[in-house]
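Residue numbers (the working numbering), protein chains in the order written: chain A, 1 to 176; chain B, 177 to 406.
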């Protein structure tokens, strides 16, 4: 026996409304399942992340403790770096040591023939009076000064000859 | 009765069957939005925390390995380097070093004076003036070796006069010091190994002649002999 609809036609819902209700029911059920799965997924992700954070925090604490135990080394390295940087500026500083070294080399290469009578060496200029026993010692000194390429201004201030001593001269030069 | 009337006005009786599906769908969407927002916020927070921790751990691991690597050498080298540039006025040590070097080169050192402190190259500096007598060649060699001494000294002026084969020089050298750093960087800050340039400079500093200090060890008291009961 086929069902009989006793409702008046004006009270029956439209087909579209029935379909929409069906769709909403399916949507709600599917959505609920998806939501539950998503919540479980989020829970798992949250748990694994929490574990990872715990492990990483423990690792970080261990490293910090290890570094704290190396604090003396860290201090020393920091101090070393600080000292080297500051001392580096001093070591690179162009002092008059090079001028003295150049003079030492020239004087040592002609022992007895070249004597300094007066010298005034400062960071700005060198002013030296010498006595050269012969012209060879004089030219050797001048050649030594000129070949060093350190001095941009070389001025021969006086030059005289005394038969008893040799060549007496004074020279002034300054570095580049 | 009034409620029923108002309900009947909002949802006609023939559509009453739709109330539950619509409310369920809206409720689901609202719950999904709330869960999504809270979940996303928490997971994002955790992810950024993990990222930050990993970055810190990388820095700390590098720092730990650098410190372990340099541990042995640094502590040996730091003494020599801090002697070259100490944290307090090294004038007395410089004078001692000058005397020692003068003795080695058979020079006579006198009229030693130490002038006041000044600032030079962002460091504190003190000037040591002295006279020295001796053979000219030896004197020049002595002077060239002054800058091989530790603490670091720089010759400022040198005046030499010679008479009767004896040279007399008046020299002025400057010694330097600088306060030690007072703060270490934070533990999470990276620490850098010495650069090639710094290693080169350090080797130069390590070649400087450091002063010899002697420690006199105290002797234990001895029993005094009784002079009346020998």
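By construction, the Cβ of each residue, glycine as well, lies at the ideal position given by its N, Cα and C atoms.
In this text the structure is predicted, and so the values were computed from the model without any measurement.
Proximal chain A residues relative to residue i, where beta-carbon distance stays under 9 Å
| i | result |
| --- | --- |
| residue 278 of chain B | Within chain A, no residue comes near residue 278 of chain B; the closest Cβ sits about 15 Å away, beyond 9 Å. |
| residue 288 of chain B | Those within 9 Å of residue 288 of chain B in chain A number zero; the least Cβ separation is about 19 Å. |
Closer than 8 Å to chain B by CB, residue i
| i | result |
| --- | --- |
| residue 158 of chain A | no |
| residue 52 of chain A | yes |
| residue 31 of chain A | yes |
| residue 25 of chain A | yes |
| residue 172 of chain A | no |
| residue 117 of chain A | yes |
| residue 84 of chain A | yes |
| residue 122 of chain A | yes |
| residue 140 of chain A | no |
| residue 149 of chain A | no |
| residue 15 of chain A | no |
| residue 81 of chain A | yes |
| residue 169 of chain A | no |
| residue 36 of chain A | no |
| residue 145 of chain A | no |
Residue interval of the beta strand (DSSP E) (run including residue i)
| i | result |
| --- | --- |
| residue 164 of chain B | The question about residue 164 of chain B has no answer, for chain B in this structure spans 177 to 406. |
| residue 156 of chain A | 151-162 |
| residue 168 of chain A | 166-175 |
Where the alpha helix (DSSP H) containing residue i begins and where it ends
| i | result |
| --- | --- |
| residue 213 of chain B | 195-260 |
| residue 27 of chain A | 15-69 |
| residue 277 of chain B | 267-280 |
| residue 335 of chain B | Segment 329-339 is the beta strand (DSSP E) holding residue 335 of chain B; no alpha helix (DSSP H) there. |
| residue 320 of chain B | 312-320 |
| residue 375 of chain B | 372-382 |
Interface flag, residue i vs chain A, CB-CB below 8 Å
| i | result |
| --- | --- |
| residue 302 of chain B | no |
| residue 337 of chain B | yes |
| residue 340 of chain B | no |
| residue 317 of chain B | yes |
| residue 219 of chain B | yes |
| residue 366 of chain B | no |
| residue 354 of chain B | yes |
| residue 191 of chain B | yes |
| residue 325 of chain B | no |
| residue 387 of chain B | no |
| residue 396 of chain B | no |
| residue 264 of chain B | no |
| residue 183 of chain B | The pLDDT assigned to residue 183 of chain B is 49, lower than 50, so where the model puts this residue is not dependable, and the model offers no usable value. |
Residues bridged to residue i (per DSSP)
| i | result |
| --- | --- |
| residue 189 of chain B | Paired residues: none, contrary to the question. |
| residue 286 of chain B | B/307 |
| residue 399 of chain B | According to DSSP, residue 399 of chain B bridges with nothing at all. |
| residue 385 of chain B | B/325 |
| residue 293 of chain B | B/302 |
Chain A contact residues for residue i, given Cβ-Cβ distances below 7 Å
| i | result |
| --- | --- |
| residue 409 of chain B | With chain B covering only 177 through 406, there is no way to say anything about residue 409 of chain B. |
Partners in chain A for residue i, counting only beta-carbon separations shorter than 8 Å
| i | result |
| --- | --- |
| residue 240 of chain B | 63, 66, 67, 70 |
| residue 407 of chain B | The displayed coordinates of chain B run from 177 to 406. Any statement about residue 407 of chain B would go beyond what the structure contains. |
| residue 232 of chain B | 60 |
Chain-ordered chain B contacts of residue i [CB-CB under 8 Å]
| i | result |
| --- | --- |
| residue 101 of chain A | 320 |
| residue 134 of chain A | Near residue 134 of chain A there are no residues of chain B at all, since even the closest Cβ is about 18 Å away, more than 8 Å. |
Chain B residues whose Cβ lies nearer than 7 Å to that of residue i
| i | result |
| --- | --- |
| residue 75 of chain A | 360 |
| residue 108 of chain A | 313 |
Open item on the list: As an exercise, report each continuous beta strand (DSSP E) stretch of at least 3 residues that is fully enclosed by the region 80-136 of chain A, in chain order.
Closed with: Segments of the beta strand (DSSP E) lying fully in the region 80-136 of chain A: 114-122, 126-132.
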